[in-house]
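Undergrad: I have a structure I would like to understand better, so I am pasting it below and will then ask my questions one at a time.
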Amino acid sequence: MEKVKILGFAGSLRKQSYNKMLLKVAQTLLPDNVTMEIFDLEGIPPFNVDLEPPEIVKVFKEKIRSADALLIATPEYNYSIPGVLKNAIDWASFPPKDNSFEGKPVAVISASIGMLGGARAQYHLRQIFVFLNMIPVNRPEVFVTFAHKKFDENGNLLDEDAKKYLRELLQNLVKLAEVVKIGRDLKLL
Ligand code: FNR
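Per UniProt numbering, the very first residue in the sequence shown carries number 1; after that it's consecutive.
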């Protein structure tokens, strides 16, 4: 099998973001023969249909397209996903005939300082996946609750259960990506 390429991005721009930390932890838990690049959404301007896509959006779309699967780490803002993440998704899915998310396997993870760990944001994001025609992994769900107590100063995740589920989620994402790839090669998908 060829190497499986995952592209990860977080819906937070701040340096000490728990969701960025969670993506970095995911990089350490990948199955063999899998690589994961992290794309930073910093610098993507507000979406405007009147504008030509800026260079950063073209690069983002190309990276999405060439990845076998995506891993999105989202904070929860006001019971939903942050505007920064929605804005990036709007750019990368427009115009509809050039939706770079089309048919892409995807997994979602979240870290929040609250007791639900970003669950509500995850379900909003899953609703967006429907319109984008993405292929989400359903299980396991990975929520890092009370995130301010779960990472050390070096960004290590202290919650062993969350780590176990994250490893399992990545395995399932890779399996899904491989099945989708075989299906496309055989022109079944
Ligand atoms: C939050 N936070 C938050 N947390 C939550 O569990 N549910 C929520 O609805 C919200 N709403 C919310 C709105 C706004 C504007 C901010 C700034 C924050 C708290 C959030 O979980 C916390 O800031 C996380 O640390 C954000 O993720 P990053 O930046 O650490 O990845």
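Here a beta-carbon is modelled for each residue, glycine too, at the ideal position from N, C-alpha and C.
Here the structure is a predicted model, which is why all the values come from computation and not from measurement.
Tell me the DSSP bridge mates of M36?
TA: Note: M36 sits in a beta bridge opposite I6.
Undergrad: For T35, is the classification buried or exposed, using 16 other Cβ atoms within 10 angstroms of its Cβ as the cut-off for buried?
TA: Its Cβ having fewer than 16 others within 10 Å, T35 is exposed.
Undergrad: In its own chain, which residues sit with a C-beta less than 8 Å from the C-beta of N133, not counting the 5 before and 5 after it?
TA: Same-chain partners within the cutoff: N99, F101, E102 and G103.
Undergrad: Helix, strand or coil for A121 per DSSP?
TA: Helix.
Undergrad: To the nearest angstrom, how far is it from the Cα of N33 to the Cα of K3?
TA: In a straight line, the C-alpha of N33 is about 5 Å away from that of K3.
Undergrad: Please determine whether the Cβ atom of N19 lies at a distance below 7 Å from any heavy atom of the ligand FNR.
TA: Yes; taking the cut-off as 7 Å, the Cβ of N19 has a heavy atom of the ligand FNR nearer than that.
Undergrad: Residue range of the beta strand (DSSP E) that V137 falls in?
TA: Run containing V137: none; DSSP gives neither H nor E here.
Undergrad: Just to check, is the beta-carbon of R14 closer than 7 Å to a non-hydrogen atom of the ligand FNR?
TA: Yes, the Cβ of R14 comes within 7 Å of a heavy atom of the ligand FNR.
Undergrad: As a quick exercise: from R126, P136, N154 and D50, pick the residue whose alpha carbon is nearest that of K175.
TA: Of the candidates R126, P136, N154 and D50, the one whose C-alpha sits nearest the C-alpha of K175 is P136.
Undergrad: Who are the Cβ neighbours of Q171 in its own chain at under 7 Å, not counting the five residues just before and after it?
TA: The answer, listed in chain order, is P31.
Undergrad: Reducing DSSP to helix, strand and coil, say where L22 ends up.
TA: Helix, per DSSP.
Undergrad: CB-CB under 8 Å to R167, same chain, minus the five flanking residues each way: which ones, in chain order?
TA: Excluding residues within five positions, the ones whose Cβ falls inside 8 Å are L29.
Undergrad: Which whole runs of the beta strand (DSSP E) in the segment 90 to 122 are 3 residues long or more, in chain order?
TA: Here the runs fully enclosed are 105 to 111.
Undergrad: Given a threshold of 16 other Cβ atoms within 10 Å of its Cβ, counted over all protein chains shown, does P95 qualify as buried or as exposed?
TA: Label assigned to P95: exposed.
Undergrad: What residue range is occupied by the uninterrupted alpha helix (DSSP H) comprising I44?
TA: Note, I44: premise wrong, no alpha helix (DSSP H); not H, not E.
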